[in-house]
Amino acid sequence: MITKEKLKTLICAALSEANLTIVDADVDKHSLEILPKLEKITSYPDWDDSATRPDTMAEIEFIVIQLNDNEKFKSHLMQTLVKCLKLSDKASRPCWFVGAHWSGVDQTKKFLEEGIWENGYDERYIQEVNSIKVGDRIAIKSTYTRKRNLPFDNREHTVSVMGIKAVGTVLENKKDGKVVSVVWDKTYEKPKEWYFYTGRQTIWKIEPGEWITDALIDFTFNEAEQQYKKFTNNNFWKERFGDIPEVDVRFKWTKFYESIADSLLEFKENRQPLIDFVLSVADKFELSYLRNKGLTDIDPLTVIGLFNRGITNENRKAIASELASFLKVDVPAPDSFEAIPILNNQRSCFFWGMGKRDDDVIDELWTLFETAILFADEESGVQPENFVFNYNTVASHKGIKWNLTMGLYWIRPWFYPTLESQSQDYLKSLSVKPQFTGVKKTCTGDDYLRLRENLLLRFSEDTFPVHSFPELSLNAWQKPIQVEPDSTLTWKKSILSRIEDLCKNKESSEFSRTEFLELYFDELSDLFPENNAVKSTIDRHMQILRDEGEIEFLERGNYEWLSYDYVEVPLMAIPAQAAIESYHIDSIINDGCFLSKQILTDVLSRLRDKKNLILQGPPGTGKTWLGKRLAYALIGKKQKAFIKAVQFHPNLSYEDFVRGWRPTGDGKLSLCNGPFMDFIELAQQNPANKYIVVIEEINRGNPAQIFGEMLTLLETDKRTPSEALDLSYRKESDDPVYIPKNLYVIGTMNIADRSLALVDLALRRRFAFINLHPSFGEPWRNWVNNKAGIEKSILETIEARINSLNNEIATDSSLGAQFKVGHSYFTPSEEITNPENWFQQVVKTEIYPLLEEYWYDNLEKAIEQKEELLKPL
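Here it is, written out as structure tokens:
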């Protein structure tokens, strides 16, 4: 809705256009009178649809004529007022940034000429296209990257760019998942460029409400300038582009690694010079894993691995410098390699030797290498599915596993995460648990990109401990290995854990005593410094592990670890999902909410900001009904799986709601999560989704006791891993818990129930409170008339009687406004064929028992009010 100041400006401009004058005080007075009328008119979702509401423009014109009937004044104010009302309506709707490149052709010209935008896929984005509404703003965009000719200092880093080619307004949606009609308001011969926050997907839905999305919307549709400094100094970008003194800049090594990767790509089709170079380096630095091995081919990640192994920093820099010289890379090799993950010296190749590897693996590594670079650099034509296909192809080969993610991180460290063991452990401490649905419990390409997107969302949170992939790797590298307080360091545990590491790294259940001693003798000597017979102790415990059935002796110093998992986990089939209905504030009104669109917008805004909201009001004001629909509107679609409804009651405890011991079928106790903890974990693993816990009658239980330490974690500024707390009931392997920013809580509270205790201040401080009141009036009458078929004259009589009753209740000193009777009692959802009988039954079976409770010490008054209600309609 437009503001009073904006309305005053429009009135004054129309007066000036018509050469009329009016004193400021009168403009103020008229503005205050007009605003409620305009708010009422525009509260209907389809207020500007001439087909369904032909009288709307006549109502607005009547309001304008009351100010002044001058034709020029009326024409100017009508035109500007309607335009502003439509724009303010659009401000709460999402905007759509869409691609125009498919079938290898830029379709922009076709779209502009035909006044359409078309989805180029037959089986993708159908749901998104169908959710676009008439009146929504839409822009054609393309994404790419650039290093040169930028309007700010990019410090020679690559910058994501989104070019805006055209902007318009959706005129019609055919609901076929393919085509929308568009009025293209403005086109750009040279795309208007926006930097940093870009979306490469074909359909990018941008919701207003965050500073970064509001800035993009203003830039695209309102001709605002992009404030580069605000972006370059944002946590996510400041390491590369921010106002940081050169001496304090971290991760300078990333430029070198990216340059090495770019130059290696030139050898994809002519690898012999590269093989010759690798063999010369192997001889010079005595790299036994490559010398005299009959090397006839090489992949790019193994080449980069030459200086990313467990060797001295001096040798790492020397090899890196030689490789840079060979590739003609002029970026100097880094002096420090801290926090760059390295290969296991026993497995420093990304492929197996001749006779052990598949014939195509090296070619496939080169294909993935090229695709990964082009995908990261946002080259047109390279889609996520191209990356996923090549990733899965390479990951299926023996001996690749987590090394693949490490290699991707090397070549584009700002774009790809690494998932070697230390990073996985650190992610777990942040309650980020990647889904591994690939073979041998590794991640597929889809898993990997999903994790990447989830991490990017977390990086955008100011309070998250890390804000980029290099910073994540650094923190993982610096995080100390923690030993559980109740665990005891023993020889047997130490040897068995190292056997497990050795076999997993080898991708084989078999290992030799020689291998084990070469890798772990020094390490075990340091762990047990008082032991002077380390080798014999290892041998003795190998025998113990044999006796206990953990390992089996094969022959001549060779063993097999019997717990090695050979079973390949099949790819999980993702079931086809039915189309999910989009849901917004207009949907709440269409469902039967009688609050104005502006009030609902404000309530939803408070929920977004505060994260925790309580709807309180008298009985029958639709608190639970509205709570669930606010949740849908927050999500943007009617996704029931993202909402968990819970009823608080006097017997509910922390153990029921958060976590506690529960009996199992075999007569034992098991530590189980309650619904709140389940949703916390769900939200942590899916930051792109919004999850809402709806708590009915939150004050009927004891909230402080039920929430426990979660009460502290509910606070908006505590929703970060650095504020995590241990649960009262903690599993041995548990890290401290925090509530993520994408989990919201909506409570309802009946303020008329005398049996309920007041909510304590600690809970009040963590929630925003919204008061709901009985909502009779024209919106209620229109909705019941349309849905139930009750004549408006009858509804006016019902409304008058309930208003009279509520006035009696509100003025009663023993009751008050919080005991009023709500509209929900009189809002049927299906057709009523006998309104008189329906109303009498509601009064007798629902309202009168309530009045008996209210006036328990004055039943004559309850009867009197009932008789007033039961008079013929």
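Residue numbers (this note's numbering): 1 to 873.
Backbone N, C-alpha and C fix where the C-beta goes; we use that ideal spot for every residue, glycine too.
A quick note: this is a predicted structure, and the numbers were derived from the prediction, not measured.
Subject >> Closest by C-alpha distance to Leu474, when choosing among Ser336, Ile495 and Leu527 >> reply: From the listed residues Ser336, Ile495 and Leu527, the smallest Cα separation to Leu474 is found for Ser336.
**OP:** Let me know the secondary structure DSSP gives Glu314 once reduced to three states.
**Re:** Taken through DSSP and simplified to helix, strand or coil, Glu314 comes out as helix.
Original post:
If Pro703 sits next to Leu634, beta carbons under 8 Å apart, how far is it from one beta carbon to the other, in whole angstroms?
Top reply: Incorrect: roughly 22 Å between the Cβ atoms, too far for contact.
**OP:** Express the C-alpha separation of Arg450 and Leu604 in angstroms, rounding to a whole number.
**Re:** A straight-line Cα-Cα distance of about 28 Å links Leu604 and Arg450.
Subject >> Cβ-Cβ distance between Lys401 and Thr442 below 8 Å >> reply: Using a Cβ distance threshold of 8 Å, Lys401 and Thr442 count as a contacting pair.
Subject >> Cβ-based burial, Ala683 [other Cβ within 10 Å; buried from 16] >> reply: Ala683 should be labelled buried.
Subject >> Reduced DSSP secondary structure (H/G/I, E/B, other) of Leu15 >> reply: The three-state reading of DSSP puts Leu15 in helix, counting H, G and I together.
**OP:** For the alpha helix (DSSP H) holding Asp539, just list the boundary residues, first then last.
**Re:** Secondary structure note for Asp539: its alpha helix (DSSP H) is the uninterrupted segment Val534 to Asp547.
**OP:** Measure the CB-CB distance between Leu427 and Thr405 and report whether it falls below 8 Å.
**Re:** Not a contact, by the Cβ cut-off of 8 Å.
Original post:
Do you know whose CA, among Phe776, Pro529, Lys506 and Glu530, lies nearest Leu519's CA?
Top reply: For the options Phe776, Pro529, Lys506 and Glu530, the alpha carbon positioned closest to that of Leu519 is the one of Lys506.
Original post:
Buried or exposed: which applies to His584, given that a residue is buried once 16 or more other Cβ atoms fall within 10 Å of its Cβ?
Top reply: Buried is the call here.
Original post:
Are Trp96 and Ile63 closer than 8 Å when you measure CB to CB?
Top reply: Contact: no.
Subject >> Among Leu850, Leu20, Lys29 and Asp462, nearest to Glu5 - alpha-carbon criterion >> reply: For Glu5, the closest C-alpha among the options Leu850, Leu20, Lys29 and Asp462 is that of Lys29.
Original post:
How many angstroms separate the CA atom of Val737 from the CA atom of Ile260?
Top reply: One C-alpha to the other measures close to 41 Å.
**OP:** Spell out a yes or no on whether the segment 688 to 701 and the segment 644 to 654 are touching, meaning 3 or more CB-CB pairs, one atom from each, closer than 8 Å.
**Re:** Counting C-beta pairs with one atom in each stretch, the segment 688 to 701 and the segment 644 to 654 have three or more that are closer than 8 Å, which means they touch.
**OP:** Please report the residue range of the beta strand (DSSP E) in which Val494 lies.
**Re:** Before going on, a small fix: residue 494 reads as Ser here, not Val. If you look at Ser494, you'll find it isn't in any beta strand (DSSP E); it sits in the alpha helix (DSSP H) that goes Trp491 to Lys506.
Original post:
Candidates Ser31, Leu35 and Gln127: which alpha carbon is nearest Gln639's?
Top reply: Put simply, of Ser31, Leu35 and Gln127 the residue whose alpha carbon is nearest the alpha carbon of Gln639 is Gln127.
Original post:
Are Val784 and Pro828 touching if we call contact CB-CB under 8 Å?
Top reply: Against a cut-off of 8 Å, the Cβ pair of Pro828 and Val784 comes out as a contact.
**OP:** Could you check the C-alpha separation between Glu874 and Lys147 for me, to the nearest Å?
**Re:** No answer is possible for residue 874: the residues shown for the chain start at 1 and end at 873.
Original post:
Since Glu118 sits in a beta bridge, which residues does DSSP pair it with?
Top reply: Glu118 is bridged to Val179.
Original post:
When we look at the beta-carbon of Tyr874 and count the other beta-carbons within 10 Å, is it buried (16 or more) or exposed?
Top reply: Beyond the ends of the chain as shown, which are 1 and 873, falls residue 874; an answer cannot be given.
**OP:** Take the Cβ of Gly665 as the centre, count every other Cβ of all protein chains shown within 10 Å, and call the residue buried at 16 or more, exposed below.
**Re:** With a threshold of 16 other beta carbon atoms within 10 Å, Gly665 falls short and is exposed.
**OP:** Indicate whether Ala768 and Val694 have their beta-carbon atoms separated by less than 8 Å.
**Re:** Not in contact: Ala768 and Val694 (Cβ atoms no closer than 8 Å).
Subject >> CA-to-CA distance, Asn292 to Asn315, given in whole angstroms >> reply: Going by the C-alpha atoms only, they are around 21 Å apart.
Original post:
Excluding sequence positions up to five away, which residues of its chain have a Cβ less than 7 Å from the Cβ of Ser16?
Top reply: Around Ser16: no qualifying Cβ.
Original post:
Can you name the residues that DSSP bridges to Asp106?
Top reply: Note: Asp106 sits in a beta bridge opposite His101.
**OP:** With a threshold of 16 other CB atoms inside 10 Å of the CB of Leu554, please say whether the residue is buried or exposed.
**Re:** Classification of Leu554: exposed, given that the 10 Å Cβ count is below 16.
Original post:
Using DSSP with H/G/I as helix, E/B as strand and the rest coil, what is Phe351?
Top reply: The answer is coil: DSSP assigns Phe351 none of H, G, I, E or B.
**OP:** Please report how far the alpha carbon of Asn803 lies from the alpha carbon of Leu870, in whole angstroms.
**Re:** Cα-Cα distance, rounded: 14 Å.
Subject >> Inter-residue Cα distance where the pair is Ile132 and Arg781 >> reply: Per the coordinates, the alpha-carbon of Ile132 lies some 30 Å from the alpha-carbon of Arg781.
Subject >> Rounded Cβ spacing between Glu884 and Trp477 (contact assumed at less than 8 Å) >> reply: This structure cannot speak to residue 884, because the chain is shown only from 1 to 873.
Original post:
Near Lys866, which residues of its chain fall below 8 Å by C-beta distance, leaving aside the five closest residues on each side in sequence?
Top reply: A distance below 8 Å between beta-carbons, with the five flanking residues on each side excluded, links Lys866 to the following residues of its chain, in chain order: Val843, Lys844, Ile847, Tyr848 and Leu851.
Original post:
How long is the line joining the alpha carbons of Ile342 and His541, rounded to whole angstroms?
Top reply: Taken atom to atom, the span from the alpha-carbon of Ile342 to that of His541 is near 30 Å.
Subject >> Uninterrupted alpha helix (DSSP H) stretches inside the segment 682 to 721 (no shorter than 4 residues) >> reply: Taking 4 residues as the minimum length, the alpha helix (DSSP H) runs contained wholly in the segment 682 to 721 are 703 to 707 and 710 to 713, in order along the chain.
Original post:
Apart from the five residues just before and just after Pro384, which ones in its own chain have a Cβ nearer than 7 Å to its Cβ?
Top reply: The residues are Leu449.
**OP:** Answer yes if the segment 622 to 637 comes into contact with the segment 588 to 603, meaning at least three C-beta pairs across the two stretches below 8 Å, and no otherwise.
**Re:** The segment 588 to 603, when compared against the segment 622 to 637, does touch it at the 8 Å Cβ threshold.
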